[in-house]
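In terms of the numbering used here, the sequence shown has 402 at position 58, counting the first letter as 1, and numbering is strictly consecutive.
Glycine included, each C-beta is placed from N, C-alpha and C at the ideal position.
Keep in mind that this is a model prediction, so the values were computed, not measured.
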Amino acid sequence: MTRMLSIMLAMALCLPMVACEPSLTGPAEEPPVQQDPPPPPYTFVVENTADKYSDTDGTMLAVYNYDILRMQTSESAGEDVAAKAAVFNETMDGVLESQLGDELREWAVYDERIKESKVYYTDELTVQYTEVGSFVSVVYDSYSFTGGAHPNSHAFSYLFDMEKGTFVDPSEIADDPELLRATVTDLILDQINGMDQEMRDGLFENYPSVVSQWNNHCVELREEGLLVTFSAYDIGPYAMGALGFDIPYTSITGALGEGGADRLLGAPAEK
Numbered sequence: 345m346t347r348m349l350s351i352m353l354a355m356a357l358c359l360p361m362v363a364c365e366p367s368l369t370g371p372a373e374e375p376p377v378q379q380d381p382p383p384p385p386y387t388f389v390v391e392n393t394a395d396k397y398s399d400t401d402g403t404m405l406a407v408y409n410y411d412i413l414r415m416q417t418s419e420s421a422g423e424d425v426a427a428k429a430a431v432f433n434e435t436m437d438g439v440l441e442s443q444l445g446d447e448l449r450e451w452a453v454y455d456e457r458i459k460e461s462k463v464y465y466t467d468e469l470t471v472q473y474t475e476v477g478s479f480v481s482v483v484y485d486s487y488s489f490t491g492g493a494h495p496n497s498h499a500f501s502y503l504f505d506m507e508k509g510t511f512v513d514p515s516e517i518a519d520d521p522e523l524l525r526a527t528v529t530d531l532i533l534d535q536i537n538g539m540d541q542e543m544r545d546g547l548f549e550n551y552p553s554v555v556s557q558w559n560n561h562c563v564e565l566r567e568e569g570l571l572v573t574f575s576a577y578d579i580g581p582y583a584m585g586a587l588g589f590d591i592p593y594t595s596i597t598g599a600l601g602e603g604g605a606d607r608l609l610g611a612p613a614e615k
């Protein structure tokens, strides 16, 4: 009897302990709600402006098509970013205003050769951009035909410094702009000297002087280096077309200087 009472007492003492153990089948914890990252304070977008004109019998007279890069700010952008966007877009607006646009129609209506040849006037502008370090490199390619012997094409560029909030000369990516200008000039001339003789003979006599002012021509910042492009008629005739010269950053690191290399090859400017 005494043994039975001991067993019953032990079982009674265990009941609260069992009841206190956590349930293995209770509700699972809900995962934390994922928060969407805030939008960047600015983005770059390409805006298109285009139109075409025909005469009364349906003959196409002129077509224009322009892509213009613009900097858009978000609601999270501060005043400093808004100020940079205003400077950037003002210059891009100037690019659009400098195009022929409606003038094409005014010229084309008087060109009787259009109806004979069925070749209408054309004016086009395409754009591409690259963010390298603290810089935004913008390149425009222009193509136009206004009744001459052949179409004309031309490349031009802009370089925007996100730290300064203004456009800068390509040579200003370096601590010493003049040192970089001279260094790149020598590298381009070396590449020209490596061309075959017939190619070199076709260049204009003053090409070394023009090459020395490469920073006033089309300069594109790429991931691995600069691309300097001389359009037709810059250093050679139309038949030679545009001539481009790749300048790896590894070949101009010393000319960039410590600050220039950091701005160009370091982390991109924070948005």
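Bounding residues of the alpha helix (DSSP H) (the contiguous stretch that carries residue i)
| i | result |
| --- | --- |
| F432 | 423-441 |
| A452 | 447-452 |
| S461 | 457-461 |
| S553 | 551-555 |
Cα-Cα separation between residue i and residue j, rounded to whole angstroms
| i | j | result |
| --- | --- | --- |
| E468 | S501 | 16 Å |
| G491 | N409 | 17 Å |
| Q541 | L413 | 40 Å |
| D545 | P385 | 51 Å |
| D424 | R566 | 26 Å |
| T470 | Q378 | 40 Å |
| T417 | A430 | 10 Å |
| E475 | E434 | 19 Å |
| V572 | V390 | 23 Å |
| E522 | E456 | 51 Å |
| P383 | E568 | 28 Å |
| G598 | E374 | 56 Å |
| K462 | V482 | 34 Å |
| P514 | L587 | 18 Å |
| A452 | L440 | 20 Å |
| D485 | A576 | 12 Å |
Cβ neighbour criterion (16 or more within 10 Å) applied to residue i
| i | result |
| --- | --- |
| M436 | buried |
| N560 | exposed |
| T527 | buried |
| E549 | exposed |
| L570 | buried |
| M415 | buried |
| D401 | exposed |
| V563 | buried |
| D534 | exposed |
| D399 | exposed |
| L531 | buried |
Cβ neighbours of residue i in the same chain (closer than 7 Å, five flanking residues each side left out)
| i | result |
| --- | --- |
| G445 | Y408 |
| V512 | L503, D505 |
| D520 | G601 |
| F432 | M415, F504 |
For residue i, the three-state DSSP class (helix, strand or coil)
| i | result |
| --- | --- |
| D540 | coil |
| S595 | helix |
| Y408 | strand |
| R607 | helix |
| L600 | helix |
| Q472 | strand |
| T527 | helix |
| D545 | helix |
| L533 | helix |
| Y582 | helix |
Own chain, CB closer than 6 Å to residue i, minus 5 neighbours either side, in chain order
| i | result |
| --- | --- |
| S488 | D467, N496 |
| T622 | Lying before the first or after the last residue shown, residue 622 is absent from the chain, which here runs from 345 to 615. |
N- and C-terminal bounds of the beta strand (DSSP E) containing residue i
| i | result |
| --- | --- |
| K396 | 386-398 |
| S488 | 479-489 |
| V563 | 562-565 |
| A321 | The shown model of the chain, from 345 to 615, leaves out residue 321, and the question about it has no answer. |
Close Cβ partners of residue i (< 8 Å) along its chain, the five nearest in sequence each way excluded
| i | result |
| --- | --- |
| N537 | R544 |
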